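Quick notes on the structure that follows.
There are 4 protein chains.
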Amino acid sequence: MVSTEITLTAQFYDLDPMGVVWHGNYARFLEQVRCQLLDNIGYNYAEMQASGYIWPIVDMQMKFIRPIRFHQKFVISATILESANRLKIEYIIRDHASGEVLTKATTTQVAVEVSTNELCLESPTALTDKLKDLS
Amino acid sequence: MVSTEITLTAQFYDLDPMGVVWHGNYARFLEQVRCQLLDNIGYNYAEMQASGYIWPIVDMQMKFIRPIRFHQKFVISATILESANRLKIEYIIRDHASGEVLTKATTTQVAVEVSTNELCLESPTALTDKLKDLS
Amino acid sequence: MVSTEITLTAQFYDLDPMGVVWHGNYARFLEQVRCQLLDNIGYNYAEMQASGYIWPIVDMQMKFIRPIRFHQKFVISATILESANRLKIEYIIRDHASGEVLTKATTTQVAVEVSTNELCLESPTALTDKLKDLS
Amino acid sequence: MVSTEITLTAQFYDLDPMGVVWHGNYARFLEQVRCQLLDNIGYNYAEMQASGYIWPIVDMQMKFIRPIRFHQKFVISATILESANRLKIEYIIRDHASGEVLTKATTTQVAVEVSTNELCLESPTALTDKLKDLS
Chain A
1 MVSTEITLTA QFYDLDPMGV VWHGNYARFL EQVRCQLLDN IGYNYAEMQA
51 SGYIWPIVDM QMKFIRPIRF HQKFVISATI LESANRLKIE YIIRDHASGE
101 VLTKATTTQV AVEVSTNELC LESPTALTDK LKDLS
Chain B
1001 MVSTEITLTA QFYDLDPMGV VWHGNYARFL EQVRCQLLDN IGYNYAEMQA
1051 SGYIWPIVDM QMKFIRPIRF HQKFVISATI LESANRLKIE YIIRDHASGE
1101 VLTKATTTQV AVEVSTNELC LESPTALTDK LKDLS
Chain C
2001 MVSTEITLTA QFYDLDPMGV VWHGNYARFL EQVRCQLLDN IGYNYAEMQA
2051 SGYIWPIVDM QMKFIRPIRF HQKFVISATI LESANRLKIE YIIRDHASGE
2101 VLTKATTTQV AVEVSTNELC LESPTALTDK LKDLS
Chain D
3001 MVSTEITLTA QFYDLDPMGV VWHGNYARFL EQVRCQLLDN IGYNYAEMQA
3051 SGYIWPIVDM QMKFIRPIRF HQKFVISATI LESANRLKIE YIIRDHASGE
3101 VLTKATTTQV AVEVSTNELC LESPTALTDK LKDLS
């Protein structure tokens, strides 16, 4: 299972008038850990473009279980759930101190061939070969 | 069915390096039309707080069907799907010119009583009475 | 004098925990009215790129005089102050109801020739000709 | 001289269609290092509020000298320039690898007494005593 995690601290600019992280800001947190995951695989934005594919996000789902407050440290894990036909990643955000689950999320990306602008029904080997190397 | 819509134009600051609206920015679009819907009902943030409840978002789901580009005009509709136990709103984003569906989304909010910090399993009458008046 | 203005309403996502628009969000407001100004001139991002130049912002200054609160309507004007050697634009944000000045700002952009990646010490005629037509 | 620094990496969500960090996103970088500086002093948002003052930003100035690109590591320093009558902080962003200066900025904050909503012409001792302890 390909997985990674990062630790972040909620910043003032993340907060809304309720004093908690505004729900729309979590997409940044997910992207930051997703990019680290893709870096670890050796298939981040630069390699995607070099391989002739872009990987737009077609689905994003988030469950907000407990709020995150100013200065709170939290850990986000990202784990690849599916890769054969699309790239589905699961995220879990936990409080750094207690380990309590704060947020769960998934994102789904599909490959689009740049030259034809066509959606790939199977993930290109540019991705799947990288993942084979790791398993 | 309680519903409303707004028309927006994609700004430069909404775009990512692919030249399309970054997926994380859609939460702002949803919030803008949701606030107009809540204003129409007479139960937006000021009235929520006055009623003794806050309504955090506990679930957000988005399907990105077609990208939105610089200067593209799009229409977002927001429709209340459920209100008895939680407030579930459905959003559809369409291209302004063609009417083509670009994005579908839902958000779910639950009432939390400020004085007790307790989650309400039924929506408080502060909301449901407003909706009765409209139907 | 080339000038334009737009009217905006402060959204929930613009606010910080103090309940006022977070200072970092004003860059979006400036960009929105600047784009309308550049559209009016006929020299916005698409035309810039077609003309062989990009126009990065090299200086931005903001004075925050009075806060903007949730649902407050405000008017932003943008006026070209200089264009011969660089594009300097002045912005004034006023409360929609009272006309009171809330914020003052300037941005300065310089032309960079895409083919050579060189900074232009004089603004290219691609811009200055458009402005001549207007005066 | 009271000073601190942090190291950040440009994320995908920081970038604009030109592939460089969008100028409006630098306010987040400044705030992150400013908060670390205020933490070091022992006078961040929680202590500000406990002391009976808020410290809105009344002036922000930025000079963008060189762009920041995807995955580029950069160091931001924050140094207190003035504190007697207002809190003026200078920021310098440098490329992590070369040390080259990328951006210069300042922010100015003034104290507002919460109970009276009045601007303080002299910085309250709540701040200046903290700084005396450090020098």
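Chains as they are written, first to last, in our numbering: chain A, 1 to 135; chain B, 1001 to 1135; chain C, 2001 to 2135; chain D, 3001 to 3135.
We put the beta carbon where it would ideally sit given N, CA and C, even for glycine.
Please read these numbers as outputs of a predicted model, since none were measured by experiment.
At a Cβ threshold of 9 Å, is residue i touching chain D?
{"i": "A:N157", "result": "The first residue shown for chain A is 1 and the last is 135, placing residue 157 of chain A beyond what the model contains."}
Closest Cβ-Cβ distance between residue i and chain B: below 9 Å?
{"i": "C:E2031", "result": "yes"}
{"i": "C:A2027", "result": "yes"}
Is it the case that the Cβ atoms of residue i and residue j are separated by a distance below 9 Å?
{"i": "B:A1111", "j": "B:I1054", "result": "yes"}
{"i": "C:M2097", "j": "C:I2089", "result": "According to the sequence provided, residue 2097 of chain C is Ala. The question's Met does not apply to it. For C:A2097 and C:I2089, no; Cβs fall outside 9 Å."}
{"i": "A:Y13", "j": "A:F64", "result": "no"}
{"i": "A:I6", "j": "A:V101", "result": "no"}
{"i": "C:T2106", "j": "C:L2081", "result": "yes"}
{"i": "C:V2058", "j": "C:Q2109", "result": "yes"}
{"i": "D:R3066", "j": "D:G3019", "result": "no"}
{"i": "B:P1017", "j": "D:L3015", "result": "yes"}
{"i": "C:L2030", "j": "C:M2060", "result": "yes"}
{"i": "A:V33", "j": "A:T9", "result": "no"}
{"i": "D:D3041", "j": "D:L3119", "result": "Per the sequence presented here, residue 3041 of chain D reads as Ile, with Asp not at that position. No. Outside cutoff."}
{"i": "B:Y1045", "j": "B:L1038", "result": "yes"}
{"i": "C:G2052", "j": "C:E2122", "result": "no"}
{"i": "C:P2056", "j": "D:H3071", "result": "no"}
{"i": "D:Y3091", "j": "D:K3104", "result": "yes"}
{"i": "C:S2083", "j": "C:T2128", "result": "yes"}
If the cut is a Cβ gap below 9 Å, which residues of chain D does residue i touch?
{"i": "A:Y45", "result": "F3012, F3070 and H3071"}
Could you tell me which chain D residues have their CB closer than 7 Å to the CB of residue i, listed as they occur along the chain?
{"i": "B:G1099", "result": "Within chain D, no residue comes near B:G1099; the closest Cβ sits about 26 Å away, beyond 7 Å."}
Determine, for residue i, whether the minimum Cβ-Cβ distance to residues of chain C falls below 9 Å.
{"i": "D:R3094", "result": "no"}
Say whether chain A places a C-beta atom closer than 9 Å to the C-beta of residue i.
{"i": "B:R1034", "result": "no"}
Any heavy atom of the ligand FMN closer than 8 Å to the CB of residue i?
{"i": "D:Q3072", "result": "This structure simply doesn't include the ligand FMN, nor any ligand for that matter."}
Output needed in chain order: residues of the stretch 1063 to 1087 of chain B with a Cβ under 9 Å from some Cβ in chain G. The structure shown contains no chain G; its protein chains are A, B, C and D.
Next on the checklist: Can you pull out the residues from the stretch 2 to 19 of chain A whose beta carbon lies closer than 9 Å to at least one beta carbon of chain B?
Outcome noted: P17 and M18
* To do: Closer than 9 Å, Cβ to Cβ, to anything on chain A: give me those residues from the stretch 1050 to 1063 of chain B, in chain order.
  => I1054, P1056, I1057, V1058, D1059, M1060, Q1061, M1062 and K1063
Residues in the stretch 1107 to 1133 of chain B with C-beta within 7 Å of chain A's C-beta atoms, listed in sequence order? none
Counting only runs that start and end within the stretch 2040 to 2113 of chain C, where is the beta strand (DSSP E) found for 3 or more residues in a row? 2057 to 2064, 2073 to 2082, 2087 to 2095 and 2101 to 2109
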